[in-house]
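Structure, as structure tokens:
In this note's numbering, the protein residues as written are 454 to 655.
So, in structure tokens, the structure goes:
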């Protein structure tokens, strides 16, 4: 993520650790905390180096540095799916962030406001079906990398949806248990992201 690759300033490190600049300078000069020197002589810090410093010194990871799980957007026109699937995802992966949309048009509007890491997409919906949603996302470079898991009650839809660009297809039924089991394969941060339960209402 772009946020994770951003270099932190000495002021950022002071704020995160609640220490003064003298302490940070001591960590740098002693070699305990790696730093990158700018042309102006200022210290900049990589997030991974700070995390290594925390691990070496057995310190907890501040909330600011904890990885944020990318958004999962569930798109389906069935109220029962919109209610049960996010609840089951959060029960299995408490750090997940889940939002919902009940049609393809609203889904695209929400994606325009925040690019999700994963879209769970029903195929048969009013206003705009799932295949059209996939085509529109894949035609835009900004959204083409979004991983899409298609769901449908009809197995015959699998070939078309995979051809359109979905990462996988899951048939509705059995509470979509298989889909929930494999979510970390498509959104690896679910394995390591820690935090409180967060859900954005549709």
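Cβ atoms here follow ideal geometry from the backbone N, Cα and C, with glycine treated the same way.
Beta-carbon contacts of residue i that lie in its chain and below 7 Å, excluding the five residues immediately before and after
i           : result
residue 517 : 469
residue 631 : 623
residue 474 : 463, 467
residue 487 : 502
Per DSSP, the bridge partner or partners of residue i
i           : result
residue 462 : 497
residue 512 : Per DSSP, none; premise fails for residue 512.
residue 621 : 602
residue 489 : 497
N- and C-terminal bounds of the alpha helix (DSSP H) containing residue i
i           : result
residue 605 : No alpha helix (DSSP H) contains residue 605, which is instead part of the beta strand (DSSP E) from 600-605.
residue 482 : 474-482
residue 580 : That residue, residue 580, is in no alpha helix (DSSP H); it is neither H nor E in DSSP.
residue 639 : 630-639
residue 564 : 557-566
Burial state of residue i (16 or more Cβ within 10 Å)
i           : result
residue 644 : exposed
residue 570 : buried
residue 563 : buried
residue 608 : exposed
residue 512 : exposed
residue 454 : Low per-residue confidence applies at residue 454: pLDDT is 37, beneath 50, and the placement is therefore not dependable, though the value from the model is reported in the following sentence. Classification for residue 454: exposed.
residue 456 : Low confidence applies here, because residue 456 scores a pLDDT of 39, under 50, leaving its location unreliable and the question unanswered by this model.
residue 554 : buried
Where the beta strand (DSSP E) containing residue i begins and where it ends
i           : result
residue 552 : 550-554
residue 528 : 524-528
residue 573 : 571-575
Assumed close pair residue i, residue j - CB separation to whole angstroms, cut-off 8 Å
i           : j           : result
residue 558 : residue 527 : That pair is no contact at about 15 Å.
residue 599 : residue 572 : 6 Å
6 Å Cβ shell around residue i - same chain, five flanking residues per side excluded
i           : result
residue 507 : 514
residue 458 : Only weak support is given to the placement of residue 458: the predicted model assigns it a pLDDT of 43, under 50, and the question is left unresolved by the model.
Residues near residue i by beta carbon distance below 8 Å, same chain, minus five either side
i           : result
residue 583 : 528, 557, 574, 575, 576, 577, 603, 605, 614
residue 437 : Any property of residue 437 remains undetermined from this structure, which presents the chain solely from 454 to 655.
residue 617 : 584, 587, 588, 591
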